[in-house]
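Chains as they are written, first to last, in our numbering: chain A, 1 to 386; chain B, 1001 to 1326; chain C, 2001 to 2290.
Contents: one structure, followed by commentary.
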């Protein structure tokens, strides 16, 4: 009996190892890749939920000219090598027409070479590293603001509103990743050009760090006027709370959009986030009717507020559907033809309305997206710019 | 002609035929990765399986190889072949570098210091920005240049062709390991695994033997690193963490430590297993964790040990002999 | 003053590492198992406290008690289902099996608790007191006090009770202890329960300070391994000393030298220490058998 169980176990393993294949039908296949496990899992979940919502809505309305959108979700574990594998799977096994991903810039930088080689359009809704759209890759399109756009906007706002007569001293604490260092470098460059501002100290932390007291104590001892955070929600929430704990009561700003999310107030405490200013590229208080519709449907389905990563992913799926709706019937002959037609369609978009505002891609594949500056007041974000 | 040679040749034929029979680029891509992992697992097996030095530092050497190749080709414009040799050599030197402090250590103490080594190299990749570009990683690493084989144009941007490049290195490494473990040196390494004090009494120079195992294991990882970055085209510190080391160790152990074929089956099996479990989505890693535990409960000698047990029957004496022959 | 502030936050950090490492070192010392899944016990402890506070609506201290009881149950299950089948296996098999357990528990955590981090709200987390110029969070003081109390309690338990004496006997020589009529199974279960509970309390104590998330155990687990090895595997005073040493060194390095070096410092200390004392700082001289 025990031997039989062992044998069954081995047979089961072999079956798992051999895998399976399936055939294509009349449908539009898209792939959404993000961190569905591992340290970035919360952001991957947000991508997945929003993409699913978009696909359900489109299919419930009859699909794209009668064609259903089929979405394949893949996990990149925030690891570039795993990301490449998942992208290869989507392109070659699932035969997707358009790829949407990733969360981490490092993953996007690795997989955009795969999609380029496979001549598959690749929409990047979240990764903000400038390098993504600076490599001459004709298949990558980004529908969110880049790091330079986000930091530039915030720095200019800070220079106008926070400059003191005797000069303003800033401290920076950033996540030691492509995202955090990318934001910080741009900010440091901008400050160098402004004689009234100086940077006292740059401190870093690693993703998933939980104790920032050491860095914050050092920052406090130097007595800066402003603290800039270049990082993401979870760690930023920890930083804010620990800054209050040691009595560092200065203006705090978020260089990127990383924590423009309702859950930020929840995690850091409503009273602690009061007055923080940061960048955002999606606001649920936006007057855009598409955005309001999205927020309403998202809350109805998932019982929580959407974040901007979700909004950007939702918009990316929507772009795919809108572009596909305009394609001639002949474009659907085979996958290669469809991919090329989709790429050309996406590249040729002109002010397509979306939840984040109109989308037009320039020749590098970058969309000029609205960047908001928001201030936290009573646990809610108030748009202070534009 | 020994029976084992027939097995090796049969496996080689299967590997050679694999790209011919498989059309799907995704399966081929997984095959390329699996074979790169064979190089890694074989190197670790030499160190852990044959010499008994349990190490979790293999991702470091993998990373050293990857970064060396990336930096030499992108920043200094070297060609692929000189770069891969340089990667192997540098990784081998790093292996000696780790080997020195590791000489005195054993068991969990050794494992921990190798874990420390992984963290230290990871921080080095992350923070030595002027050379490694830090967290941004290095992009734009080209495929090795293609060439014409008579009528046939070899293009390494095609995974089907790249597979043969990796296979070429796997065969070289395999032949090397095969001849090594059947030499005096190899028997010395196994003696260290069984009992290092007794081995020393027999006149084996523990220090140089262990350093040798560390450097050769690392050297293979360097080759794998170079093949990996030229295939993926991008390198960043995220790829060379403790998790990667664990992954390689799991391959060696599941395949069967101290056997020639174990790491091969382990690497191919685990890579394809993880890829084929993708349909399980969020449940994938939960089930993977259970599978790891179950295999260790039922077959602590790894799958190769399990196979050997079946072929050798219940006779323990015979089983021991088979393992020794391997 | 700055140094004192760093020293204090280092001590708090050291408390976390110590609570974590004590369980790790006890389990190794008696069961011979390098428990790679210890970080997940820490995570489960934090989540149990969070849900106890949320669902049972009890105050923070009761939540910690509930979490401790929950962790003891979990420790029992793990001992029976995972550790006992591994008894007598070699180190490598055990490491892979507990790695499997860790992957399983971590992803189970993501499934049960969801991927988002949560915050355990307490009154103590947001109160800071000023002691002679040092700004000190109240919750941090609680962490230190509870840790010290637990260390004292553990010491009393192992010196004064029958079970504690049995545990020490098993740690010295399992076979001899068995021959003396000690019920090994009882000892291993008790050890695992104590280890799991200590890790769980550690998680529950830091929950108001940090955030609670399914991946919170990964980092502290690797550091704790360094701590345990530094003090000598299976060595309780060594784990306590190592925990505080690493915590303080980390805090001072990050605050005074460079925050880039923070995650390396534990391992740098470890590698240097092992060069001079290959069996850990607190190891007694061991006779090597041929």
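All C-beta atoms in this analysis are idealised placements derived from N, C-alpha and C, irrespective of residue type, glycine included.
A quick note: this is a predicted structure, and the numbers were derived from the prediction, not measured.
message = Between the alpha carbons of residue 2114(C) and residue 2084(C), how many angstroms are there, rounded?
response = 30 Å
query = Should residue 2051(C) be flagged as near chain B, meaning a C-beta pair shorter than 7 Å?
reply = no
Taking the alpha carbon of residue 127(A) as the reference point, which residue from 117(A), 100(A) and 138(A) has its own alpha carbon closest? Per the Cα distances, 100(A).
- Task: Starting from residue 1135(B), find everything on chain A with Cβ-Cβ shorter than 7 Å and list it in chain order.
- Result: 176, 177, 178 and 181
Give me the subset of the segment 2067-2085 of chain C whose CB atoms are less than 7 Å from a CB atom of chain B, sorted by chain position. 2082 and 2085
Worksheet entry | Amino acids of chain B, ordered along the chain, whose beta-carbon sits closer than 8 Å to that of residue 2279(C) | What residue 2279(C) touches in chain B, judged by beta-carbon distance under 8 Å, is 1109, going in chain order.
| field | Beta-carbon neighbours of residue 36(A), restricted to chain B and to distances below 8 Å | value | 1281 and 1282
At the 7 Å Cβ level, is residue 1025(B) part of the contact set with chain A, yes or no?
yes
*Segment limits, beta strand (DSSP E) that includes residue 73(A)*: 68-75
Please determine if the segment 200-218 of chain A and the segment 2242-2262 of chain C are in contact, where contact requires at least 3 C-beta pairs separated by less than 8 Å.
yes
Are residue 77(A) and residue 136(A) close, meaning C-beta to C-beta below 7 Å? It is not a contact, given that the beta carbons lie outside the stated cut-off.
Check whether the segment 2055-2075 of chain C and the segment 2226-2234 of chain C touch, using three or more Cβ-Cβ pairs below 8 Å as the test. Fewer than three Cβ pairs drawn from the segment 2055-2075 of chain C and the segment 2226-2234 of chain C lie within less than 8 Å of each other, which leaves the two stretches out of contact.
**Item:** Exposure label - residue 2031(C); buried when at least 16 CB within 10 Å
**Value:** buried
Q.
Taking 6 Å as the limit between beta carbons, can you name the residues of its chain near residue 2103(C), skipping five residues before and five after?
A. none
Answer with yes or no whether the minimum CB distance from residue 2142(C) to chain A is below 7 Å.
no
Name the residues in the segment 1192-1214 of chain B whose C-beta lies less than 9 Å from a C-beta of chain C; which are they? Within the segment 1192-1214 of chain B, the residues whose Cβ lies closer than 9 Å to some Cβ of chain C are 1195, 1197, 1198 and 1201, listed in chain order.
In this structure, how does DSSP classify residue 228(A) when only helix, strand and coil are distinguished? strand
task: Can you have a look at residue 259(A) and say buried or exposed, based on whether 16 or more other CB atoms are within 10 angstroms of its CB?
output: Result: buried.
Per DSSP, which residues does residue 359(A) bridge with? Please list them. Residue 359(A) has 352(A) as its beta-bridge partners, per DSSP.
### Per-residue contacts from residue 1033(B) into chain A (C-beta, under 8 Å)
81 and 85
| Of the listed residues 88(A), 40(A), 50(A) and 72(A), nearest to residue 1026(B) (C-alpha basis) | Distance check between residue 1026(B) and each of 88(A), 40(A), 50(A) and 72(A) places 88(A) closest, using alpha-carbon atoms only.
| query | Hey, would you say residue 1137(B) sits closer than 7 Å to residue 1235(B), going by beta carbons? | reply | yes
Anticipated Cβ contact below 8 Å, residue 1061(B) with residue 1095(B), distance rounded: Yes, they are in contact, since the Cβ atoms of residue 1061(B) and residue 1095(B) sit about 6 Å apart, within 8 Å.
Residues in its own chain within less than 6 Å of residue 111(A) by CB, not counting five upstream and five downstream?
83, 84 and 87
*Local Cβ density within 10 Å of residue 369(A), reported as buried at 16 or more and exposed below that*: buried
Beta-carbon of residue 41(A) versus every beta-carbon of chain C: anything under 7 Å?
Residue 41(A) counts as touching chain C.
Taking only the alpha-carbon atoms, compute the straight-line gap between residue 1017(B) and residue 1011(B) and give it to the nearest angstrom. 10 Å
Can you tell which of 297(A), 332(A) and 345(A) has the C-alpha that lies nearest to the C-alpha of residue 319(A)? 345(A)
- Residues near residue 2242(C) in its chain [Cβ-Cβ closer than 6 Å; skip 5 each side]: 2227, 2230 and 2231
**Message:** So with CB distances below 9 Å, who are the chain A contacts of residue 2119(C)?
**Reply:** 237, 241, 266, 267, 268 and 269
Is residue 380(A) helix, strand or coil by DSSP?
-> strand
Point to revise | Chain-order list of residues whose beta-carbon lies under 6 Å from that of residue 389(A) (same chain, five-residue window excluded) | key: Outside the shown range of chain A (1 to 386) lies residue 389(A), about which nothing can therefore be said.
request  = Answer yes or no: do residue 2034(C) and residue 2077(C) have a C-beta to C-beta separation smaller than 7 Å?
outcome  = no
Any C-beta of chain C under 7 Å from that of residue 304(A) = Chain C contact via Cβ: absent.
- Taking Cβ positions only, does residue 203(A) come closer than 7 Å to chain C? For residue 203(A), the closest Cβ of chain C is nearer than 7 Å.
Problem set entry | Close Cβ partners of residue 1155(B) (< 7 Å) along its chain, the five nearest in sequence each way excluded | 1146 and 1161
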